[in-house]
Amino acid sequence: MYAASAAVAAAPRHIRLTSHSGGFGALPIHWGAASAAERGPIVGTTTSRAHRNVIGTHSGSYSVYRALAVAAGALKREHKADLTNTSPTDVIGPYPQWSEPGRIVSLDPWGAIVADVFSAELAAGYDIRPTLAVTKAHVILPEVIEALQTGRLKADGKFLTDGGAAMVTKVAVEPAWYLPEVAKRFGCSETDLRRTLFEETGGMYPELVTRSDLEVFLPPIGGQTLYIFGNPRDLANPQVELTARIHDECNGSDVFGSDICTCRPYLTHAIEECIRGAQRGGVGLIAYSRKEGRALGEVTKFLVYNARKRQVGGDTADQYFARTECVAGVQDMRFQELMPDVFHWLGITKIHRLVSMSNMKFDAITGSGIEIGERVNIPDDLIPADAKVEMDAKKAAGYFTPGHVPDANELKQAKGRGLSE
Ligand SMILES: [Zn+2]
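Adding 665 to a residue's 1-based position in the sequence shown gives its number in this note's numbering.
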């Protein structure tokens, strides 16, 4: 028998509704304030409910696993993280963007250094958790090793070892949404945003509609991981050449090498460009967002694959977006509106080389005030045969390409494999 029964027995038998205030001891948040002290900490603890000053809790989608761990008796709900030796390996910021109105609305710029800037509050008993973490890593990819062997890349022992390991600084980012400004980005009222988030999650967070005084929401979604090639401080210097790719998760291609799309080859090409950029005296950045299958999720994505390959006439580029829309109701739910926040957190004002053909990403980044120099497309020889459908459809829809844009006749030709091939 699990320890679960003991944990459940010890838990209060009544449900504590959070839909009324009475938060004695909760510290105020002044989003966008110039210093951490003025801004105040984000407190999403479930232990001391009176201390909470946000809606939702930490760890994004993993907050549900945390609840399971508590339910199973494996985790004490009053556990507080011991933050000894967890501080960032590299200092990021603070940068002017951190306090510019409306510049950063979906992450906590102070989230990596809470143990430092909120040490007094931590000592006073507030359970304040980092929402960002910065560490170092060696990244070893077969494509990079192949680039070394064929001479496209050279080892220097600093950015790239003889064995093909790229030295990186990596940053994990959990979302923290300041609802008034998030609503503005999406062109809706804060009231409508709160109500829709409440209703479309099946009523998961009543405080969205009952606690208008709580303006920060820790949403139960995936975050981002940043991989920095070179000195992270150089990201904020527009004089230093920055090569960057913002990549939306595609587990099937990124990890498992599925050939229906260009995700992994484009990602590894971007990593190669980042390493080369760092070796030229620049800096490279991959921002990896957990937005699987255009943020529609893998089930929807696989259904679309079947619909594409079974439709009359086969898998054609002219029906590429239509098939997604039939299943999902929209072509894309990634909504790049919040994506540039992480660039502003890093102090970026100019991206010299953007390794992306997406017009949506380009528009979101430039629209947020960041200058983009050159755009780098995926080389044709890296596009898998079965991914030609996607690539042609995207080019025809306005994605950046320095090459040929297919016409209506070309788009009608079946290029993708059948399901049993
Ligand atoms: Zn993909």
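Heads up, the beta-carbon is just placed ideally off N, CA and C, and yes, glycines get one too. It should be emphasised that the depicted structure is a prediction, and the values quoted were computed from it without experimental measurement.
Where residue i sits in the DSSP three-state scheme
{"i": "Q944", "result": "helix"}
{"i": "E1039", "result": "strand"}
{"i": "P1001", "result": "Looking at the sequence provided, one finds Gln at residue 1001 rather than Pro. Helix at Q1001."}
{"i": "I886", "result": "coil"}
{"i": "H716", "result": "helix"}
{"i": "I936", "result": "helix"}
{"i": "L1084", "result": "coil"}
{"i": "D913", "result": "strand"}
{"i": "K956", "result": "coil"}
{"i": "F894", "result": "strand"}
{"i": "I1030", "result": "helix"}
{"i": "M1025", "result": "helix"}
{"i": "G725", "result": "helix"}
{"i": "H1017", "result": "strand"}
{"i": "H803", "result": "strand"}
{"i": "L825", "result": "strand"}
{"i": "P1071", "result": "coil"}
{"i": "L968", "result": "helix"}
{"i": "Y760", "result": "coil"}
{"i": "V1007", "result": "helix"}
{"i": "A820", "result": "coil"}
{"i": "T1066", "result": "coil"}
{"i": "Y730", "result": "helix"}
{"i": "A812", "result": "helix"}
{"i": "Y843", "result": "strand"}
{"i": "K835", "result": "strand"}
{"i": "T908", "result": "strand"}
{"i": "A982", "result": "helix"}
{"i": "L787", "result": "helix"}
{"i": "L900", "result": "helix"}
Buried or exposed (CB count within 10 angstroms, at least 16 for buried), residue i
{"i": "Y730", "result": "exposed"}
{"i": "S854", "result": "exposed"}
{"i": "P1005", "result": "buried"}
{"i": "R850", "result": "buried"}
{"i": "T1008", "result": "For clarity, residue 1008 is Phe in the given sequence; the question names Thr instead. Buried, since its Cβ has 16 or more Cβ neighbours within 10 Å."}
{"i": "L891", "result": "buried"}
{"i": "R717", "result": "buried"}
{"i": "E957", "result": "buried"}
{"i": "S726", "result": "exposed"}
{"i": "F967", "result": "exposed"}
{"i": "G852", "result": "exposed"}
{"i": "G687", "result": "At G687 the pLDDT is 45, less than 50, meaning the model places this residue with poor confidence and gives no usable figure here."}
{"i": "M1022", "result": "buried"}
{"i": "L907", "result": "buried"}
{"i": "H803", "result": "exposed"}
{"i": "L733", "result": "exposed"}
{"i": "K823", "result": "exposed"}
{"i": "I757", "result": "buried"}
{"i": "E1039", "result": "exposed"}
{"i": "V735", "result": "buried"}
Cβ separation of residue i and residue j, assumed to be a contact under 8 Å, to the nearest whole Å
{"i": "A841", "j": "L883", "result": "6 Å"}
{"i": "L825", "j": "I940", "result": "5 Å"}
{"i": "V1105", "j": "L1011", "result": "In the structure as shown, the chain begins at 666 and stops at 1086. Residue 1105 is therefore absent and cannot be evaluated."}
{"i": "D1057", "j": "L1084", "result": "With 8 Å as the limit, D1057 and L1084 do not qualify as a contact, their Cβ atoms being about 20 Å apart."}
{"i": "G887", "j": "R973", "result": "With 8 Å as the limit, G887 and R973 do not qualify as a contact, their Cβ atoms being about 25 Å apart."}
{"i": "W696", "j": "V881", "result": "7 Å"}
{"i": "A1160", "j": "V847", "result": "Nothing can be reported for residue 1160: it is not among the residues displayed for the chain, which extend from 666 to 1086."}
{"i": "A1061", "j": "V1070", "result": "6 Å"}
{"i": "A960", "j": "M998", "result": "4 Å"}
Residue-level contact to chain B via CB, residue i, 8 Å cutoff
{"i": "G828", "result": "In the structure shown, chain B cannot be found, because there is only a single protein chain."}
**Report entry** Given 8 Å, three or more beta-carbon pairs between the stretch 1027-1042 and the stretch 815-829
**Finding:** no
Report task. Would you list the residues whose beta-carbon is nearer than 6 Å to any heavy atom of ligand 1, in the order they occur in the chain? Result -> C915, S918, C926, C928
Requested in this report: Assess, as a yes-or-no matter, whether the stretch 914-923 is touched by the stretch 978-988 under the definition of 3 or more beta carbon pairs within less than 8 Å.
Outcome: no
Query raised in the report: Touch check for the stretch 794-802 and the stretch 868-877: three-plus C-beta pairs under 8 Å?
Result: no
Query raised in the report: Per the contact definition of three or more C-beta pairs closer than 8 Å, is the stretch 691-710 in contact with the stretch 777-784?
Result: yes
Query raised in the report: Hey, is the stretch 896-913 in contact with the stretch 738-748, meaning 3+ C-beta pairs nearer than 8 Å?
Result: no
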